[in-house]
Amino acid sequence: MKILVYSMNFTPELAGIGKYSGEMAEWLAARGHEVRVIAAPPYFPQWAVFDGYSAWAYRKSEANGVTVWRAPTWVPAKPRTLARMAHLFSFMLSSMPLLLGQARWKPDAVFVVEPPLFCAPAALLFSKMLGIKSWLHIQDYEVDAAFGLGWMRGAGVRRFAFAAERWLLGKFNRVSTISGAMLDKARAKGVAEARLVLFPNWVDVSAIRPAADAAPRTADADADADADTGFRAELGIPADALVVLYSGSLGSKQGIELLAEAAQLLVYARDIHFVICGNGPSREALMSACMRLRNVHFLDLQPAARLNELLGMADIHVLPQRADAEDLVMPSKLAGMLASGKAVIVTANPGTELSRVMTNRGLVVPPGDAEVLADAIEQLALSPTVREALGAAGRAFAQAELDQNAILSRFEQELFRCVAGAETAPSTPTIESNA
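Numbering of the sequence shown is given in the numbering used here, commencing with residue 439 and proceeding in unit increments.
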């Protein structure tokens with residue numbers, strides 16, 4: 439089968455949203471499919487084009503059986519609303535020649551990843567011209583998020599944006615997204631049940647694993663000890679300290695400022711250290727807020743090769759989310775946190791899917807309440823048995839429901855059905871019903 443992946447973010451070597459497109463493409467190629475990708479030069483989450491790539495030139499590369507074309511894309515240093523729109527528009531325009539250039543190859547399906555929704559019209563036109571199948575995968579509902587987070591305003595603009603989105607969603611042969619709540623939103627936007635697919639983010643449970651599941655120690659015990667404490671040593675954190683870790687994008691949807699407030703409240707607890715790993719628009723402000731806090735440490739986004747080591751450093755993972763965005767996304771970073779076998783605290787309101795998924799697998803506290811978050815961290819710090827139990831429950835859930843091979847195998851079968859013109863399976867289970 440020939441599959442064209444149209445995904446602005448494509449970075450299989452890094453942790454983040456682009457990793458999923460990259461891992462999916464490489465997995466399909468390893469299964470014998472022909473896979474080509476159209477993407478922007480990697481820039482996320484630091485909003486700067488990576489070294490070795492160009493923001494102004496077309497580039498082609500091949501790796502692990504996947505052919506990747508990179509389209510020139512303007513990347514703003516400060517991604518405010520108008521700059522974001524111009525950024526997305528630049529990729530849409532520059533990628534269209536690459537898209538049309540695949541007509542001679544004639545793929546069996548074009549797989550489009552949102553965001554950005556800007557690319558959906560061109561992908562639909564391409565699929566209609568060639569008589570092939572179209573699939574839209576929604577990682578974030580960017581239209582809802584844009585209005586919910588105040589990036590866009592105005593009743594007329596809102597009506598037009600949602601009407602255009604509804605029309606586009608109705609034209610794809612398949613629409614998939616990453617959680618049950620997000621599937622419900624797709625239904626509310628008019629997507630027929632026969633076209634809906636649950637395609638959650640996954641984790642390689644053999645690569646992300648608790649320390650006890652890692653490979654046996656080598657004869658060089660000193661080297662192994664250094665590996666176990668690598669990040670702690672780099673940051674100057676005592677080996678016996680308790681580490682609270684956030685790893686991911688530092689953007690406005692995360693409500694990341696809550697971590698600075700919680701760290702301030704726990705500054706007296708000398709054995710509790712916060713590590714914030716990631717890049718993004720909110721990093722500078724967050725670092726300023728934590729400037730005088732000796733219990734807070736910062737790391738840049740780490741390559742996928744060090745992700746297991748990073749996640750294993752934590753005693754407690756923290757996942758903050760703003761209340762106005764909590765059911766518009768299912769944070770991709772959660773899968774790795776659960777697979778690491780460490781306790782997780784999330785901020786979410788009762789009744790949201792994030793809250794349901796974490797029931798009996800972690801602690802759930804209200805969004806935006808730093809005092810409650812700090813208290814939850816302190817309580818877990820004093821309860822190693824509870825931390826261990828929650829970590830084990832999260833690991834078991836990741837193994838049962840978020841395993842990479844199981845999820846991608848189901849996706850491959852649905853892709854075959856789509857290309858064959860069949861409808862989806864009679865029912866589409868949610869993550870929590872599977873559990």
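Each residue gets a CB set at the ideal place from its N, CA and C atoms; glycine is no exception.
Inter-residue Cα distance where the pair is A707 and V810: Mapped onto the sequence shown, residue 707 falls at position 269. Mapped onto the sequence shown, residue 810 falls at position 372. Looking at the backbone, the Cα of A707 and that of V810 are separated by about 16 Å.
Going by DSSP, which residues form a beta bridge with I441? By one-based count along the sequence shown, residue 441 stands at place 3. DSSP lists V473, A547 as partners of I441.
Taking C-alpha atoms, which residue in L703, A649, A701, F712 lies nearest to L673? Residue 673 sits at position 235 when you count from the first residue of the sequence shown. Taking only the C-alpha atoms, the option nearest L673 is F712.
Classification of G539 by the beta-carbon crowding that lies within 10 angstroms, buried from 16 upward: Taking the first residue of the sequence shown as position 1, residue 539 is located at position 101. With fewer than 16 other Cβ atoms within 10 Å, it is exposed.
Write down every uninterrupted run of the alpha helix (DSSP H) in the segment 674 to 757 whose length is 4 residues or greater and which is fully enclosed by it, in chain order. Runs found: 695 to 703, 721 to 727, 745 to 751.
Roughly how many angstroms separate the alpha carbons of M796 and A808, rounded to a whole number? The count along the sequence shown starts at 1 and reaches residue 796 at position 358. The count along the sequence shown starts at 1 and reaches residue 808 at position 370. Cα-Cα distance, rounded: 19 Å.
Could you tell me the boundaries of the beta strand (DSSP E) in which W573 lies? If you number the sequence shown from 1, residue 573 lands on position 135. Its beta strand (DSSP E) spans residues 571 to 576.
Report the CB separation of G503 from E461 in whole angstroms; it is logged as a contact under 8 Å. On the sequence shown, residue 503 is found 65 positions in, with the first residue counted as 1. On the sequence shown, residue 461 is found 23 positions in, with the first residue counted as 1. Actually they do not touch by this definition, with Cβ atoms about 13 Å apart.
I815 beta carbon less than 8 Å from that of L704: As a first step, residue 704 is located in the sequence shown; it is residue number 266 there, counting from the start. As a first step, residue 815 is located in the sequence shown; it is residue number 377 there, counting from the start. Contact flag set, yes.
Alpha-carbon spacing of L568 relative to M446, whole angstroms: In the sequence shown, the residue the question calls residue 568 occupies position 130. In the sequence shown, the residue the question calls residue 446 occupies position 8. For L568 and M446, the distance between alpha carbons rounds to 22 Å.
Tell me the DSSP secondary structure of R760 in three-state form. In the sequence shown, residue 760 corresponds to position 322, counting from 1. Of the three classes helix, strand and coil, the one that applies to R760 here is coil, per DSSP.
Distance, L688 Cα to P719 Cα: Translated into the one-based positions of the sequence shown, residue 719 becomes position 281. Translated into the one-based positions of the sequence shown, residue 688 becomes position 250. Computed Cα separation, rounded: 6 Å.
Count the other CB atoms, across all protein chains shown, that sit within 10 Å of the CB of T519; report buried if there are 16 or more and exposed otherwise. Locating residue 519 in the sequence shown gives position 81, where the first residue counts as 1. Exposed, since its Cβ has fewer than 16 Cβ neighbours within 10 Å.
CB V681 to CB M751, shorter than 8 Å? The sequence position of residue 681 within the sequence shown is 243, counting from 1. The sequence position of residue 751 within the sequence shown is 313, counting from 1. Closer than 8 Å, so yes.
Excluding the 5 residues flanking E603 on each side, which residues of the same chain have their C-beta closer than 6 Å to its C-beta? Indexing the sequence shown from 1 puts residue 603 at position 165. Excluding residues within five positions, the ones whose Cβ falls inside 6 Å are V581.
Determine contact between the segment 729 to 740 and the segment 602 to 622, defined as no fewer than three beta-carbon pairs at a distance below 8 Å. Segments in contact, no.
Any idea what DSSP makes of A781, helix, strand or coil? In the sequence shown, residue 781 corresponds to position 343, counting from 1. Note: A781 maps to strand in three-state DSSP.
Whose CA, out of G490, A781, F736, lies closest to the CA of V824? The count along the sequence shown starts at 1 and reaches residue 824 at position 386. If we check each option's Cα against that of V824, A781 comes out closest.
V681 beta carbon near the ligand MG (any heavy atom closer than 7 Å): Looking for the ligand MG in the displayed structure turns up nothing, as the structure carries no ligands at all.
Residues bridged to T505 by DSSP? For this step, residue 505 is matched to residue 67 along the sequence shown. According to DSSP, T505 bridges with R474, E500.
Looking only at its chain, what residues have a beta carbon closer than 7 Å to the beta carbon of A663, apart from the 5 residues adjacent to it on each side? Within the sequence shown, numbered from 1, the residue matching residue 663 stands at position 225. Residue confidence for A663 is low, a pLDDT of 43 falling below 50, so the modelled location carries little weight; the figure read from the coordinates is stated next. Here the set comprises nothing.
Helix, strand or coil for V613? Go by DSSP, reduced to three states. As a first step, residue 613 must be located in the sequence shown, where it is residue number 175. For V613, the secondary structure class from DSSP, reduced to helix, strand or coil, is strand.
Status (buried if at least 16 other CB within 10 Å, exposed otherwise) for S459: Here residue 459 refers to the residue found at position 21 of the sequence shown. Buried, because 16 or more other Cβ atoms sit within 10 Å of the Cβ of S459.
Go ahead and label S778 buried or exposed: buried means 16 or more other beta carbons lie within 10 angstroms of its beta carbon, across all protein chains shown. Indexing the sequence shown from 1 puts residue 778 at position 340. Residue burial is scored here from C-beta neighbours: S778 has at least 16 other C-beta atoms within 10 angstroms and is therefore classed as buried.
Provide the residue span of the alpha helix (DSSP H) that contains V595, from first to last. If you number the sequence shown from 1, residue 595 lands on position 157. Here the alpha helix (DSSP H) through V595 covers 593 to 607.
Please report the straight-line C-alpha distance between C856 and F637, rounded to a whole angstrom. Residue numbering aside, residue 856 sits at position 418 when the sequence shown is read from its first letter. Residue numbering aside, residue 637 sits at position 199 when the sequence shown is read from its first letter. Each residue's Cα considered, the two are about 14 Å apart.
Can you tell me whether D841 is helix, strand or coil according to DSSP? Taking the sequence shown and counting its residues from 1, one reaches residue 841 at position 403. DSSP places D841 in strand when its eight states are reduced to three.
Segment limits, beta strand (DSSP E) that includes V635: Walking along the sequence shown from the start, residue 635 turns up at place 197. Note, V635: beta strand (DSSP E), 634 to 636.
Terminal residues of the alpha helix (DSSP H) in which V581 lies: Locating residue 581 in the sequence shown gives position 143, counting from the first residue. Residue range 580 to 586 is occupied by the alpha helix (DSSP H) that includes V581.
Classify W543: buried if its beta carbon has 16 or more other beta carbons within 10 angstroms, exposed otherwise. Counting from 1 along the sequence shown, the entry for residue 543 is found at position 105. Under a 10 Å Cβ-count criterion, W543 is classified as exposed, with fewer than 16 other Cβ atoms of the shown protein chains found around its own Cβ.
Assign A661 to one of two classes, buried (16 or more other C-beta atoms within 10 Å of its C-beta) or exposed (fewer than that). As a first step, residue 661 must be located in the sequence shown, where it is residue number 223. Since pLDDT at A661 reaches only 40, below the 50 mark, its modelled position is unreliable, and the value read off the structure follows with that caveat. Exposed, because fewer than 16 other Cβ atoms sit within 10 Å of the Cβ of A661.
Once you ignore the five residues that flank F610 on each side, which residues in its own chain have a CB closer than 6 Å to its CB? The count along the sequence shown starts at 1 and reaches residue 610 at position 172. The beta carbon of F610 sits closer than 6 Å to the beta carbons of S572, L574 from its chain, once the five residues preceding and following it are set aside; these are given in chain order.
If I'm right that A560 touches M530 with Cβ under 8 Å, what's the distance once you round it to whole angstroms? Translated into the one-based positions of the sequence shown, residue 560 becomes position 122. Translated into the one-based positions of the sequence shown, residue 530 becomes position 92. A560 to M530, Cβ: 7 Å. Contact.
Does DSSP put L801 in a helix, a strand or coil? As a first step, residue 801 must be located in the sequence shown, where it is residue number 363. Reduced to three states, the DSSP call for L801 is strand.
Let me know the secondary structure DSSP gives V643 once reduced to three states. On the sequence shown, position 205 is the one that residue 643 refers to. Coil, per DSSP.
Quick check: what's the CA-CA separation for I845 versus L536? Counting from one through the sequence shown, the residue named residue 845 turns up at place 407. Counting from one through the sequence shown, the residue named residue 536 turns up at place 98. Going by the C-alpha atoms only, they are around 29 Å apart.
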